[in-house]
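In this note's numbering, the protein residues as written are 6 to 211.
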């Protein structure tokens, strides 16, 4: 039985394009109906389409990816998944951007050793790139907050009578439910906005 080629392409967001990956898989000879494109993070292998593809793979099949980071971005999980595919399930893996990572027939002991070393190096690079990206994102958010940039939904405008109604509620003249009704707000929204506007360091300032 001739080997069956399967291709896997992955992008992290819906805005990213997978065209170059798919074109490379086609050029290698993977048929259109055996190319899986998934739009998920590479932080782990709990990806629905990848798992479904894995269930189709049989001993002797070949899984083709354009680069190791398209397979995943977690060092330990890449190594574990590679061993699962190539040793336990006897599926060959081909990484197009790195010819040394080709586990099809014909490799001697030295070739296998070199492939294992290259795999560990590239897996490490894939994970560190992901960690650097997350660090840069966190630093960017922190810098933006220092400049006064606010994230999330904008708060609803405060009704004109909010101060007066809030004082009556504080003085026990009306309940939070009644205060909310007078202002056209729910009880939860009224009490939350009161805390946001008037409480500083646990002290009520109205």
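Backbone N, C-alpha and C fix where the C-beta goes; we use that ideal spot for every residue, glycine too.
Remember, it's a predicted structure, so these values are computed and weren't measured experimentally.
Item                                                                                                                                                                               : Value
Output the distance between the C-alpha atoms of residue 116 and residue 54, rounded to the nearest integer angstrom.                                                              : Residue placement at residue 116 is flagged as unreliable, the pLDDT there being 48, under the threshold of 50; the coordinate-derived value follows with that caveat. So the two alpha carbons sit approximately 31 angstroms from each other.
Please say whether residue 166 and residue 3 have beta carbons closer to each other than 8 angstroms?                                                                              : There is no way to answer for residue 3, as the model of the chain reaches only from 6 to 211.
Any idea if residue 74 is buried or exposed, counting beta-carbon neighbours within 10 angstroms, 16 or more meaning buried?                                                       : buried
Which residues bound the beta strand (DSSP E) around residue 12?                                                                                                                   : 10-16
Which residues share a DSSP beta bridge with residue 152?                                                                                                                          : Beta-bridge pairing links residue 152 to no other residue.
What are the boundary residues of the beta strand (DSSP E) that residue 179 is part of?                                                                                            : Premise fails: residue 179 is in no beta strand (DSSP E) and is neither H nor E.
Could you tell me how far apart the beta carbons of residue 123 and residue 101 are, in whole angstroms, since I believe they sit closer than 8 angstroms?                         : Not confirmed; about 14 angstroms, so no contact.
Which residues in the same chain as residue 179 place their Cβ atom closer than 7 angstroms to its Cβ, once the five residues preceding and following it in sequence are excluded? : 173
So is residue 99 buried or exposed if we call it buried at 16+ other beta carbons inside 10 Å?                                                                                     : buried
Report yes or no: do the stretch 42-62 and the stretch 11-21 share at least 3 C-beta pairs separated by less than 8 angstroms?                                                     : yes
Within 10 angstroms of the Cβ of residue 126, are there 16 or more other Cβ atoms? Answer buried if so, exposed if not.                                                            : exposed
For the 8 angstroms Cβ check, are there 3 or more pairs between the stretch 26-43 and the stretch 58-73?                                                                           : yes
What is the DSSP secondary structure of residue 44, reduced to helix, strand or coil?                                                                                              : strand
Rounding to the nearest angstrom, what Cα-Cα distance links residue 26 and residue 147 in this structure?                                                                          : 34 angstroms
According to DSSP, simplified to helix, strand and coil, what is residue 190?                                                                                                      : coil
Heavy atom of the ligand ZN less than 7 angstroms from the Cβ of residue 168, yes or no?                                                                                           : Only the bare structure without any ligand can be found here, which leaves the ligand ZN out of the picture.
In chain order, what residues of the same chain have a beta carbon less than 7 angstroms from the beta carbon of residue 94, not counting five sequence neighbours either side?    : 62 and 64
Rounded to whole angstroms, what's the CA-CA distance from residue 182 to residue 192? Just pull it up for me.                                                                     : 5 angstroms
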